[in-house]
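In our numbering, the protein residues as written are 366 to 586.
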Amino acid sequence: MGKNHHSSSFIPQAKGFTLLELLIAISLSAVLMTVLVAGLRQISRDFEKQGEGLDQKIDESLILLQLEKAILGTFAYRSKEHSLAREELFFEGTKTELNWISTVSPGRDSGLTFWHLDAGEGRGFKLKALPAYPGNLQNQLEKNQTENQQPLVYFKDYKVSLHYLAASINQKKQWYSSWSGKDKNEFPLGVRIQFKALENSSESDMDFSVFSFIRSLANAK
């Protein structure tokens, strides 16, 4: 009797993941996802911070450009301050404050503008621009500051000082720490605004200065 030989083929069993392996994989995925989310958040914050810094730099550059134009457009405005009969040339500048009248206005409006720059607090400067109405301009400024919000402070990371270029007695150019239009009855040749970075400012902040000539030659005497 012949023997029957049954051929059998070996089928390997598919090996699945154990519960422990699945838990480890899920844990690693969770850790990786946490790291990625944290990294994305940090990148987003850095991007927003850089964007805000760039916006601030642009705004400050526009303020400086507007300030230069306003000084360049200084107008020989004569007012009766202190109830005097004699009209005085309005231009009062110290090391930390400057008041003047300009043909340049922030909104390009027609008419003259009363500009007030105040760097007396030691951190940056405040800038105010008002229509130049007849009368006591200083009183108008004080009234406006009382009725309205205080102006913004620009360049908070700098100490700002003002200097005035004029010809001395021997006709040589000289820098002055103050200039009074009512006393000298003329304008300086120009104004320099000095920016000195404070100790706690950013490393990218460097000392610099801005200079603007005064175009008006109305030194009426």
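Using N, Cα and C, we set each Cβ at its ideal position, and we do this for glycine too.
Since the structure is predicted, the reported quantities are computational estimates derived from the model, not experimental observations.
What do you get for residue i, buried or exposed, if any count of 16 or more other CB atoms within 10 angstroms of its CB means buried?
i, result
"Thr383", "exposed"
"Pro496", "exposed"
"Glu457", "buried"
"Leu388", "exposed"
"Val396", "exposed"
"Phe440", "buried"
"Pro499", "exposed"
"Leu427", "exposed"
"Asn565", "exposed"
"Pro553", "buried"
"Ser567", "exposed"
"Ser470", "buried"
"Asn504", "exposed"
"Glu551", "buried"
Among the options, which has the Cα closest to the Cα of residue i?
i, options, result
"Lys549", "Leu482, Glu453, Asp424 and Asp572", "Glu453"
"Asp572", "Phe520, Ser543 and Phe552", "Phe520"
"Lys524", "Pro471, Ile423, Ser542 and Ser574", "Ser574"
"Leu432", "Ile408, Gln505, Phe479 and Gln407", "Phe479"
"Val518", "Ser581, Asp424, Leu419 and Lys460", "Asp424"
"Arg488", "Leu502, Glu507 and Thr461", "Thr461"
"Ile579", "Leu385, Pro471, Arg557 and Ile408", "Arg557"
"Ser542", "Asn535, Gln559 and Gln536", "Gln559"
"Ile466", "Phe455, Ile408, Arg473 and Leu385", "Phe455"
"Ile436", "Lys547, His481 and Asn509", "His481"
"Thr459", "Ala484, Leu419 and Ser581", "Ala484"
"Asp570", "Lys422, Thr399 and Leu401", "Lys422"
"Ser581", "Lys537, Tyr442, Leu506 and Asn464", "Tyr442"
"Arg473", "Asn464, Lys434 and Leu506", "Lys434"
"Leu506", "Leu463, Gln536 and Lys547", "Leu463"
"Leu429", "Phe490, Asn535 and Lys547", "Phe490"
Who does residue i pair with in a DSSP beta bridge?
i, result
"Thr478", "Ser467 and Pro496"
"Arg443", "Leu454"
"Glu462", "Asp483"
"Ser577", "Val556"
Assuming residue i and residue j form a contact by the criterion Cβ under 8 Å, report the distance between their Cβ atoms to the nearest whole angstrom.
i, j, result
"Ser533", "Gln539", "4 Å"
"Gly555", "Leu527", "Contact doesn't hold; Cβ gap of about 11 Å is too wide."
"Pro516", "Leu492", "6 Å"
"Leu502", "Ser444", "6 Å"
"Asp522", "Ala494", "In fact, because the Cβ distance is near 23 Å, the residues do not count as touching under 8 Å."
"Gly438", "Thr399", "Actually they do not touch by this definition, with Cβ atoms about 59 Å apart."
> Which ranges does the alpha helix (DSSP H) cover as unbroken runs of at least 4 residues, wholly within the segment 491–573, from first to last along the chain?
Replying inline: 502–512 and 546–549
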